[in-house]
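Enquirer:
Protein chains in written order, with this note's numbering: chain A, 1 to 115; chain B, 116 to 361.
#1: Could you tell me the distance, in whole angstroms, from the CA atom of residue 67 of chain A to the CA atom of residue 1 of chain A?
#2: Where does residue 236 of chain B fall in DSSP's three states?
#3: Exposed or buried, what is residue 313 of chain B when buried is set at 16 or more other beta-carbons lying within 10 Å of its beta-carbon?
#4: Give a yes or no on whether the minimum CB-CB distance between residue 36 of chain A and chain B is below 8 angstroms.
#5: Roughly how many angstroms separate the alpha carbons of residue 23 of chain A and residue 349 of chain B, rounded to a whole number?
#6: Quick one, which residues of the stretch 85–104 of chain A are near chain B if we go by CB-CB under 7 angstroms, in chain order?
#7: Measure the beta-carbon distance from residue 40 of chain A to residue 72 of chain A and round it to whole angstroms, keeping in mind my assumption that it falls under 8 angstroms.
#8: Consult DSSP for residue 133 of chain B and reduce its assignment to one of helix, strand or coil.
#9: Assuming contact is defined by CB atoms lying nearer than 8 angstroms, are residue 37 of chain A and residue 83 of chain A in contact in what I supplied?
#10: Leaving aside the five residues before and after residue 35 of chain A along the sequence, list all residues of the same chain whose C-beta is less than 8 angstroms from its C-beta, in chain order.
#11: Hey, does residue 33 of chain A have any beta-carbon neighbour from chain B nearer than 8 angstroms?
#12: Taking Cβ positions, are residue 124 of chain B and residue 201 of chain B nearer each other than 8 angstroms?
#13: According to the Cβ coordinates, are residue 189 of chain B and residue 231 of chain B closer than 8 angstroms?
#14: Grab me the residues of residue 221 of chain B's own chain with a C-beta within less than 8 angstroms of its C-beta, minus the 5 sequence neighbours each way, in chain order.
#15: For the candidate residues B:165, B:258, B:281 and B:118, whose alpha-carbon lies nearest to that of residue 270 of chain B?
#16: Using a Cβ-Cβ cut-off of 8 angstroms (strictly less than) and excluding sequence neighbours within five positions of residue 159 of chain B, which residues of its own chain qualify?
#17: So which residues on chain B does residue 26 of chain A lean against when the C-beta distance must stay under 7 angstroms?
#18: Using a C-beta to C-beta distance shorter than 7 angstroms, which residues of chain A count as neighbours of residue 339 of chain B?
#19: Using a threshold of 8 angstroms, state whether the C-beta atoms of residue 52 of chain A and residue 14 of chain A are closer than that.
Here is the structure:
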């Protein structure tokens, strides 16, 4: 069984994550489309921290008998991996767009100088 | 006595993505309705002749260097309208689903000074609009949520057939939602104390191209927009001041 202090600490941490993400969206420092994965992370981790029987059951599926909270860490790591992968695609797109912008700017400047 | 349409500098903003088959007809029909309308086509990264067709017909064409999505494209049009001092702007999709002969219906409340933003709705009156069951449910949910948030009955939150006055142009030029903008733009307007009115219009089947919202994306769409509305309720909004007319 998951020790109660671990559940409490995990629940507080995931709740804090949700609050921080919410405030970042509200103050317009984070766009909704990039916040969705973070919110999903927070909600899943919060659910797994509060639903202690569920965490035990899931741990059982994976043969984790001794220390169920290990599953919390694994799920957290999985989501961080997802967020990072998502950001890699975002950075790739931004860098492609940046190239196009620089090329267009160079063409425009050439037209202004010689036009 | 309402002011005449011809008293105003007016512009039609036509967002278009790969609409070479329909954008020409849309431009012709806007001209046929009122030749005093300037037309700006915002080409959101088309890979066909959309921009060329529009330019051949004498419309202003803004070609975005890459696809910004409908929100970024439409805002580009509002920025153009704001910078060039237009008093009235209408938004008409380049795919031909909005019928320019319906323009008087959405313009009338704006000209009469009853509304800052007037949206043409498919659902409140004439016009036999057909769409898939799932889409209808989604539209119903948004209608309920938006009506509750703006405390006013709204039936068609996703309609991109709209007319705004100078206050609306100024607001949208400064701030317009990304991704799927219509629902959020409606809510934003009311939060900024602009007056919203919805009128029934007839719409046509899409003339070409594909809807920007596929079935796979609709879950993401709903989540994103509902999140934006929810978070938006906790923001503070400035009331824009009235500009002097030029």
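Where a beta carbon is used, it is the ideal one built from N, C-alpha and C, also for glycine.
Expert: Well, looking at it:
#1: 7 angstroms
#2: strand
#3: buried
#4: Closer than 8 angstroms to the CB of residue 36 of chain A there is at least one CB belonging to chain B.
#5: 9 angstroms
#6: Under the 7 angstroms Cβ criterion, the stretch 85–104 of chain A contributes 97, 100, 101 and 104.
#7: With 8 angstroms as the limit, residue 40 of chain A and residue 72 of chain A do not qualify as a contact, their Cβ atoms being about 15 angstroms apart.
#8: coil
#9: yes
#10: 21, 24 and 25
#11: By this cut-off, residue 33 of chain A is an interface position.
#12: Yes. Within cutoff.
#13: no
#14: In the same chain as residue 221 of chain B, and ignoring 5 residues on each side of it, the C-beta atoms closer than 8 angstroms to its own belong to 205, 233, 234, 235, 276, 277, 278, 314 and 316, in chain order.
#15: B:258
#16: These residues qualify, in order along the chain: 130, 131, 132, 179, 182, 183, 184, 185, 187 and 188.
#17: 346, 349 and 350
#18: 32, 33 and 36
#19: In this structure, residue 14 of chain A does not lie closer than 8 angstroms to residue 52 of chain A by Cβ.
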